[in-house]
Structures are given as structure tokens and as C-alpha cells.
Amino acid sequence: MADDGGEEDQLPCFGQIVVGPPGSGKTTFCHGMSQYLTALGREVAIINLDPANHGERLPYKPAVDIEDLVSLEGVMSTLGLGPNGAIIYSIEFLEKNLDWLLDKLRAHRAKYLLFDFPGQAGVELFTHYTCIQNIVQTLQKHDYRLTAVHLVDAYHCSDASRFISVVLVSLMSMMRLELPHVNVLSKVDLIEQYGPLAFNLDFFTECTDMTRILDYIDAPARGADELDRDLQGAHERPQGDATSKKLSRLTREICDVVESFGLVSFTTLDIQDGESVGRVLSKIDKANGYVVQSAAAAAAAQQGRDPRAAANALFQSAFSGNEADYEHLASVRERHMGRTSGDDT
Ligand SMILES: Nc1nc2c(ncn2[C@@H]2O[C@H](COP(=O)(O)OP(=O)(O)OP(=O)(O)O)[C@@H](O)[C@H]2O)c(=O)[nH]1
1 MADDGGEEDQ LPCFGQIVVG PPGSGKTTFC HGMSQYLTAL GREVAIINLD PANHGERLPY
61 KPAVDIEDLV SLEGVMSTLG LGPNGAIIYS IEFLEKNLDW LLDKLRAHRA KYLLFDFPGQ
121 AGVELFTHYT CIQNIVQTLQ KHDYRLTAVH LVDAYHCSDA SRFISVVLVS LMSMMRLELP
181 HVNVLSKVDL IEQYGPLAFN LDFFTECTDM TRILDYIDAP ARGADELDRD LQGAHERPQG
241 DATSKKLSRL TREICDVVES FGLVSFTTLD IQDGESVGRV LSKIDKANGY VVQSAAAAAA
301 AQQGRDPRAA ANALFQSAFS GNEADYEHLA SVRERHMGRT SGDDT
């Protein structure tokens with residue numbers, strides 16, 4: 001069934017695996033990204049692999065829906081599992097029935113695919129189970145060229161401990177999925193609401209100097225001046241107990257691990273801002289090679305004056321070059337952060 005190798009199976013198929021913690025904006029991203037891609041002239045199919053996502057929770061109409069294979073409510077009532085256990089069971093059930101998915105996808109091979117993965121139970125699914133890895137590897141074997149898009153709510157920048165945790169989860173998802181990877185700080189339009197950040201936004205997007213954030217543990221939403229005052233006061237206070245010393249050593253080690261891999265960095269996203277979505281897409285296209293394929297197609301179609309190929313070629317030239325990233329970060333700071341960031345690094 002799955003390995004028949006019809007003619008359409010010979011063509012590579014491009015897409016995105018959208019992952020991230022619960023509420024990070026995955027479903028909204030799939031919906032917004034599909035609208036953006038459609039406007040660019042790409043035909044899109046959204047594949048809903050989150051069994052908890054159905055009915056009114058879904059803003060888009062999925063081309064393939066895991067609900068047609070396994071019902072979350074059915075699993076919960078039949079096996080007496082809670083929501084997390086039922087999601088894990090459902091994804092493992094999908095892994096065992098991958099032919100079902102491959103068959104469903106066959107009708108959409110000519111389209112650009114967006115896979116909406118579950119967030120609930122998401123961390124366990126990556127750390128303790130191999131089902132998502134196996135699903136992704138099988139798709140790759142069938143020439144699905146995918147970029148993992150890992151969304152993290154920008155809210156986590158407002159607290160040092162939380163930020164270290166999400167960076168670690170991002171690193172882990174990069175290592176476990178083994179896909180081209182784009183990490184995204186979502187909902188950046190809300191960042192000003194969380195109060196002053198300890199550092200400029202570039203600190204959180206680049207993640208190159210993680211150990212500097214250690215001083216801000218348990219000191220959320222305070223600027224550098226305020227923190228300096230507190231740290232001076234701390235010298236006069238008795239040292240913390242053995243547990244907190246161990247905890248702070250562990251946190252330092254985690255930061256060292258993240259830094260020494262040198263893999264994690266983020267790009268920012270406001271899903272309602274087309275320019276912001278376009279920047280994220282340009283990174284995704286570079287990561288999975290779509291940009292190369294589409295350039296070749298554009299060149300081939302130029303003689304035939306295919307308008308879709310021309311639009312894609314225009315898109316590429318508009319979003320090539322790293323200078324644009326710096327300009328974009330500056331514009332995010334100006335629009336959404338005002339003077340809320342601290343240390344001017
Ligand atoms: N302001 C703002 N809100 C956003 C953005 N992206 C998502 N949201 C909101 O964040 C909430 C959660 O978004 P979802 O798309 O449901 O998140 P999810 O990751 O799919 O959630 P789970 O399926 O529970 O894992 C919704 O209320 C969205 O409207 C954004 O860029 N800006």
C-alpha cells in the first residue's frame with residue numbers, strides 16, 4: 001500500500017512539522033501560515049495530528065484528520081486514560097498505522113503540507129517516546145522534505161527559569177527530530193504586557209550567552225539596575241541552603257550544555273503580521289530546501305510565464321539576506337517592546 005511508488009511518489013513534497021508546548025500557538029500558526037501560503041499561490045493541505053483538536057477548536061478545515069483514525073474520547077472511555085495518556089496512546093496508534101497516513105497524504109502530494117502536532121503531552125512525547133521520531137523518519141523515507149517549526153510562547157522571556165527550560169526543550173526537540181529546524185518565539189506582539197525584560201530581545205533570540213541569565217533566576221521582570229541593587233544586597237545576606245546551591249549549579253550546567261551545542265536560536269512571530277509570517281517562512285523554506293526547488297521551477301516556468309512560479313521567485317528575492325533579520329528584530333522591538341527591555345547587550 002504505502003510503498004506502491006506511484007508516479008506522484010517520485011516528486012518531493014515539502015512541508016512543516018509544527019510542534020511546541022501547549023498553547024504556544026501551533027494551530028493558529030497552521031491556520032495563519034496556510035492563509036499566507038495560499039496568498040503566495042501555493043496549494044496547502046493541513047494535516048491535523050492533534051487528537052484533542054477537533055470541532056470548534058479547529059479554525060481550519062484539515063485535509064487529513066487523526067480523528068478519522070482514532071477518537072480521543074473513545075480512547076479515554078474505553079481504556080480509562082486521562083487526556084495526556086490518551087494523546088500518547090493515539091500517537092502510538094498512528095505510528096502503528098502509518099500506512100493509513102501515507103495513503104491519505106498521497107492525494108495531497110502536490111501540495112505544501114502543514115502538520116499540526118499535539119502540544120499537550122508534547123514534552124513527554126519527545127522525551128520518553130519515539131513515536132513522533134518514527135513517524136517523521138517514515139515521512140522522510142517517502143521523500144517528504146520537512147522543516148520542524150518549534151513554537152515557544154514569547155511570554156517565557158519574562159522569567160529566567162522558564163526561558164532556560166524552553167531553550168532546553170527546543171534543543172531536545174532539535175536533537176530528537178533530526179530535521180531542519182526553525183525555533184520561533186510566538187505571540188511577540190504581547191511581549192510588552194509581561195513587563196521589562198532582563199535583556200534586549202536579541203539576547204533571547206540568539207541564545208549565545210545563556211549563563212548571563214543565571215543572575216536573574218527568581219528575579220522575573222526586573223531591569224538591570226534593579227537587579228544590580230538586589231545583587232549588592234544579596235552579598236550581605238546569608239548564603240542559600242545546600243539545595244538551592246545544588247539547584248543553581250545544575251542550572252549553570254544546563255546553560256553550559258545549551259551554549260556548548262550552539263544550536264538554539266529563535267526567530268520572532270506575530271501571526272497577525274504578514275511581514276512577520278513571511279520572515280518565518282523564508283527561514284523554513286531555506287531549511288527544507290523549498291527555496292532551491294522553487295527557484296528551479298521558477299526558472300523553468302519563466303518561459304511559460306507561470307504566474308505562481310513568478311510570485312514564488314519574487315518572494316525569494318524579497319526575503320534573502322541576513323541584514324533583513326536585524327532590521328526585523330529592530331522593528332519588533334520598536335513596535336512591541338517600547339522601552340521595556342533591560343540590559344543593552
Ligand atoms: N496575540 C497573539 N495571540 C496568539 C498568537 N498565536 C496564537 N495566539 C493565541 O494563543 C492561544 C493558543 O493558540 P493555539 O493555536 O490554540 O495554541 P496551540 O499550541 O495549538 O495549543 P494546544 O493545541 O493546546 O497545544 C489562542 O488564543 C490564540 O489565539 C499570536 O501571534 N499573537
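In terms of UniProt numbering, the sequence shown opens at residue 1 and continues consecutively. Yeah, the Cβ is synthetic: ideal placement off N, Cα and C, and Gly gets one too. None of these values were measured; they are calculated from a predicted model.
- Per DSSP, Cys207 is not a residue of any beta strand (DSSP E), being assigned neither H nor E.
- Only residues of its own chain outside the window of five on either side were considered, and among them none has a CB closer than 6 angstroms to the CB of Lys245.
- Apart from sequence neighbours up to five positions away, the residues of its chain that approach Pro62 with a beta-carbon distance below 7 angstroms are Ile46, Ile47, Asn48, ordered along the chain.
- Ile191 is not bridged by DSSP to any residue.
- Asn183 is bridged by DSSP to His150, Phe266.
- In this structure, ligand 1 has no non-hydrogen atom nearer than 7 angstroms to the beta-carbon of Gln16.
- Taking a contact as a CB-CB distance under 8 angstroms, the pair Asp153 and Ser186 counts as one, their CB atoms being some 6 angstroms apart.
- Rounded to the nearest angstrom, the gap between the Cα atoms of Thr251 and Leu168 is 11 angstroms.
- For Gln35, the enclosing alpha helix (DSSP H) stretches over residues 26-40.
- Proximity of the beta carbon of Lys61 to ligand 1 is not indicated: no heavy atom of the ligand is located closer than 7 angstroms.
- Taking the Cα positions, Glu43 is about 14 angstroms away from Tyr290.
- In this structure, Val264 and Phe117 do not form a Cβ contact; the two beta carbons are roughly 19 angstroms apart against a cut-off of 8 angstroms.
- An exposed status is given to Gln272, since fewer than 16 other beta-carbon atoms sit within 10 Å of its beta-carbon.
- Annotation: the continuous beta strand (DSSP E) that includes Leu114 extends over 112-116.
- The three-state secondary structure of Ala107, taken from DSSP, is coil.
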